[in-house]
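Undergrad: Residue numbers (my numbering), protein chains in the order written: chain A, 1 to 229; chain B, 1001 to 1114.
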């Protein structure tokens, strides 16, 4: 029976039956897509299972990868407005060789969205870490900055397109040293509201969650889409 | 030559039977988040030559049944799924990744002789 199970699990794209230690929360988007497809199946509506309508991309496997990085506590702060620094790391090893990446979306959850208790504007800077570092012992050095975005706060979730970066990491796993995230607090002297940066940063540190949503297409299971003549 | 018609009741003829697969029974509930199980169904029943055409059969099944009537060493046509549908599964792997994947041909919708 175990042998048969092994063969079947391989058919499902698994090396062995997973044994997770604790269940992760299911992100809203995955829950919605799952429920939509279940509803379509019960009503008998046939759908292209190799196209993710909700995300507008082709693909048949959706993975939600948790961030495995850590907060950094530098002795010298680069800028006075620097609020927090974090290494973001996503393990892409679950993606099989045959799978083609069609979407890689970084999600930064900055805490609950609110119209009340408005805070200062934040500046999010993302850098590629291009040099190896000893995990948890040496501070990863930020390389090339590839995203700089200002957002009001509290904001909820912010999303970034990481497709090119994730493709590069997937093709060359040794180049995946993670991302360096720096959040800066922008002081707004004109608003007349006096924010306490320490409070903002402490709240952000508690609420910040990063994840990577990855969609892949397995050509063995999905035939190329036929263009309408 | 005329081929004798075997006496079969309708309930022995090839058709779809209900089968609910509960992931808990397989021990898979430890990693599958949803669904808890699914109605997979299965096909079972006789495929007599006389009814091969009416039992949602393939042309090949008809020819095999005909040959079986002539030469009993050739096995009878068998009751198999003729229409299958996919299911979606939400599960977690050992890296704490939450995965949504669609699997083709998991649910038997229709049966026939083949």
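All C-beta atoms, glycine included, are put in the ideal place defined by N, C-alpha and C.
Everything numeric in this text was worked out from a predicted model, so none of it was measured.
Which term fits residue 174 of chain A, buried or exposed, when burial requires 16 or more other beta carbons within 10 angstroms of its beta carbon?
TA: Flag for residue 174 of chain A reads exposed.
Undergrad: Listed in chain order, which residues of the region 15-45 of chain A have Cβ atoms closer than 7 Å to some Cβ of chain B?
TA: Flagged, chain order: 17, 18, 19, 20, 23, 24, 26, 27, 30, 33, 34, 37, 38 and 41.
Undergrad: On the three-state DSSP scale, how would you describe residue 1069 of chain B?
TA: Reduced to three states, the DSSP call for residue 1069 of chain B is helix.
Undergrad: For residue 1047 of chain B and residue 1079 of chain B, what's the separation of their Cα atoms in angstroms?
TA: Near 6 Å, if we compare the C-alpha coordinates of residue 1079 of chain B and residue 1047 of chain B.
Undergrad: What residues in the region 52-84 of chain A have a beta carbon less than 7 Å from any beta carbon of chain B?
TA: Cβ contacts with chain B come from 60, 61, 62, 63, 64, 65 and 66.
Undergrad: So residue 94 of chain A is in the beta strand (DSSP E); what residue range does that whole segment cover?
TA: Per DSSP, residue 94 of chain A belongs to no beta strand (DSSP E) and is neither H nor E.
Undergrad: Taking C-alpha atoms, which residue in A:90, A:199 and A:30 lies nearest to residue 167 of chain A?
TA: Of the candidates A:90, A:199 and A:30, the one whose C-alpha sits nearest the C-alpha of residue 167 of chain A is A:90.
Undergrad: Please report the Cβ distance between residue 214 of chain A and residue 101 of chain A, rounded to the nearest whole angstrom; I am assuming they are in contact, meaning their Cβ atoms lie under 8 Å.
TA: Right, the Cβ-Cβ distance comes to about 7 Å (below 8 Å), so this counts as a contact.
Undergrad: Is it the case that the Cβ atoms of residue 128 of chain A and residue 157 of chain A are separated by a distance below 9 Å?
TA: Not a contact, by the Cβ cut-off of 9 Å.
Undergrad: Look at the alpha carbon of residue 1110 of chain B and the alpha carbon of residue 141 of chain A, and state the distance between them as a whole number of angstroms.
TA: One C-alpha to the other measures close to 60 Å.
Undergrad: Give the DSSP-derived three-state secondary structure of residue 1083 of chain B in the structure shown.
TA: Three-state DSSP puts residue 1083 of chain B in a strand.
Undergrad: Within the same chain, show all residues whose beta-carbon is closer than 8 Å to that of residue 143 of chain A, passing over the 5 residues directly before and after it, in chain order.
TA: Around residue 143 of chain A: 127, 128, 129, 130, 131 and 180.
Undergrad: What is the DSSP secondary structure of residue 1060 of chain B, counted as helix, strand or coil?
TA: The answer is helix: DSSP assigns residue 1060 of chain B an H, G or I state.
Undergrad: So which of A:33, A:17, A:203 and A:31 has the shortest CA-CA distance to residue 1029 of chain B?
TA: Minimum Cα distance to residue 1029 of chain B is reached at A:17.
Undergrad: Check whether chain B comes within 9 Å of residue 49 of chain A, counting only Cβ atoms and requiring the distance to be less than that.
TA: So, interface residue.
Undergrad: Tell me the rounded alpha-carbon separation between residue 35 of chain A and residue 1075 of chain B.
TA: The alpha-carbon atoms of residue 35 of chain A and residue 1075 of chain B are separated by roughly 44 Å.
Undergrad: Does residue 1078 of chain B have its Cβ less than 9 Å from a Cβ in chain A?
TA: Answer no: the Cβ-Cβ gap between residue 1078 of chain B and chain A never drops below 9 Å.
Undergrad: Could you tell me which residues DSSP pairs with residue 216 of chain A in its beta bridges?
TA: DSSP output for residue 216 of chain A lists A:61 and A:101 as bridge partner(s).
Undergrad: Going straight from the alpha carbon of residue 15 of chain A to that of residue 7 of chain A, what length do you get?
TA: Taking the straight line from one Cα to the other gives about 9 Å.
Undergrad: Say whether chain B places a C-beta atom closer than 9 Å to the C-beta of residue 91 of chain A.
TA: By this cut-off, residue 91 of chain A is an interface position.
Undergrad: From the DSSP output, which residues share a beta bridge with residue 85 of chain A?
TA: Residue 85 of chain A is bridged to A:72 and A:182.
Undergrad: Where DSSP assigns a beta bridge to residue 1088 of chain B, which residues make up the other side?
TA: Answer by DSSP bridge pairing, in chain order: B:1102.
Undergrad: Based on Cα-Cα distance, which residue from A:84, A:69, A:204 and A:212 lies nearest to residue 113 of chain A?
TA: When each option's Cα is compared against that of residue 113 of chain A, the closest is A:204.
Undergrad: Please decide whether residue 1098 of chain B counts as near chain A, where near means a Cβ-Cβ distance under 9 Å.
TA: Judged by the 9 Å Cβ criterion, residue 1098 of chain B is in contact with chain A.
Undergrad: Quick test of your reading: residue 184 of chain A and residue 123 of chain A, contact by CB under 8 Å. State the CB separation rounded to the nearest angstrom.
TA: Going by Cβ atoms, the distance from residue 184 of chain A to residue 123 of chain A rounds to 4 Å, so yes, they are a contact pair.
Undergrad: Locate the beta strand (DSSP E) running through residue 54 of chain A, then write down its first and last residues.
TA: Taken as a continuous stretch (DSSP letters only), residue 54 of chain A belongs to no beta strand (DSSP E), as it is neither H nor E.
Undergrad: Looking only at DSSP bridge pairs, what is residue 1042 of chain B linked to?
TA: Partner(s): B:1017.
Undergrad: For residue 221 of chain A, decide whether its Cβ has a neighbour in chain B, counting only Cβ atoms nearer than 9 Å.
TA: Taking Cβ atoms only, chain B reaches closer than 9 Å to residue 221 of chain A, which makes this a yes.
Undergrad: Taking the alpha-carbon of residue 1102 of chain B as reference, which of A:37, A:28, A:199 and A:5 has the nearest alpha-carbon?
TA: The shortest Cα separation from residue 1102 of chain B among A:37, A:28, A:199 and A:5 belongs to A:37.
Undergrad: For residue 47 of chain A and residue 1085 of chain B, I'd like the C-alpha separation in whole angstroms.
TA: Cα to Cα, residue 47 of chain A sits roughly 11 Å from residue 1085 of chain B.
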